[in-house]
Ligand SMILES: C[S@@+](CC[C@H](N)C(=O)[O-])C[C@H]1O[C@@H](n2cnc3c(N)ncnc32)[C@H](O)[C@@H]1O
């Protein structure tokens, strides 16, 4: 299994330099992301929250009784609270995140708010085929809650693999998933390049982590945050563009990041209802129900197992 250092040295040695967006999220990165969700430009969070709130009874009906709720990439674990009180005797809530300290800390507040529900936060990297950090009882009503359009961060083929894994490994019966929709480009770009520069800080946190955790000597001011829309692939791409030739050292190894060279750090794929339907179909899931906001900015879906899948 590759470590942070191995992934960084591989990613920076490539012709097209690339680092995984999962490395944004240490405790500080998770806090920055939480700040992003409150920005005027960042429509996904407030829109998805409104969809969940407006449709909580229907969502609760879809989830059913005695649910074991598992939330991969749970982050600030705020969205589940929107419909939790509408559920019929939920059994357990298991938030999972790569940012383990962060979900552990936030779970403490959650426990106070919902003292009757068993909550067991776990550090877990869902991009690897690791053993689950908890036991699965396949006879239970296992529901995956996957909001925030986190699926959009996956390349399409990996999104299919992930949805299949929710079936085979997590033994999920249903998925409640939030998916960002294709829309006008200026709205998309400003959501990922805000005026206050919080997203730029978030993007550069990957470089900061290389410095603090891997002994790097990267000057963060030598890189510019970029958010571009890749129209053919229908995705926002975040990149860090080098303002000059940067000779950097990480853990004793040298790398040259040339002037104007870019390090690709994140993809955020946007779907139409149809393209998402096709994706779920490939993974053996069927859309049972879709909820969207009035402006059709964001969608939430309930997926059922496809009999054929
Ligand atoms: C786009 S944010 C969404 C957060 C939250 N679910 C929401 O809706 O606001 C993605 C979340 O997934 C987590 N994450 C990213 N890559 C991950 C990985 N490989 N394994 C586990 N968690 C990951 C991040 O720490 C972050 O909390």
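Numbering (the numbering used here), first residue to last: 197 to 505. For glycine and all other residues, C-beta sits at the position ideal for the given N, C-alpha and C.
- Annotated three-state conformation of residue 297 is helix, per DSSP.
- Per DSSP, the beta bridge partners of residue 436 are 421, 459.
- At least one heavy atom of ligand 1 sits closer than 7 Å to the Cβ of residue 226.
- In the structure shown, residue 319 adopts extended strand secondary structure according to DSSP, grouped into three states.
- Boundaries cannot be given for residue 412, as no beta strand (DSSP E) includes it and DSSP labels it neither H nor E.
- Distance from the C-beta of residue 479 to the nearest heavy atom of ligand 1 is not below 7 Å.
- Separation of residue 255 and residue 248 (C-alpha to C-alpha, rounded to the nearest whole angstrom) is 8 Å.
- Contact check for residue 265 and residue 339: beta-carbon distance about 5 Å, within the 8 Å limit, so the pair qualifies.
- When DSSP reads this structure, residue 268 sits in a beta bridge with 292.
- Counting along the chain, residue 364 sits inside the alpha helix (DSSP H) bounded by residues 352-364.
- Closest in C-alpha terms to residue 443, from the list 329, 455, 213, comes 455.
- Here the segment 324-343 lies against the segment 260-279, with 3 or more beta-carbon pairs under 8 Å apart.
- Exposure of residue 199 is indicated by the presence of fewer than 16 other C-beta atoms within 10 angstroms of its C-beta.
- For residue 494, the pairing in a beta bridge is given by DSSP as 376.
- In the structure shown, the three-state DSSP call for residue 216 is coil.
- Excluding sequence positions up to five before and after residue 437, its CB lies within less than 6 Å of the CB of 420, 422, 458, all in the same chain and listed in chain order.
- Residue 410 and residue 471 have their C-alpha atoms some 40 Å from each other.
- Note that the segment 353-373 does not touch the segment 386-396; fewer than 3 beta-carbon pairs, one per stretch, sit closer than 8 Å.
- The shortest CA-to-CA distance from residue 275 to any of 243, 258, 287, 286 is the one to 243.
- 469 is the residue among 469, 416, 303 whose C-alpha sits nearest the C-alpha of residue 379.
- If you ignore the 5 residues before and after residue 431, its C-beta comes within less than 8 Å of the C-beta of 348, 425, 463, 464, 465, 466, all in its own chain and listed in chain order.
- Counting other Cβ atoms within 10 Å of its Cβ, residue 405 reaches 16 or more and is therefore classed as buried.
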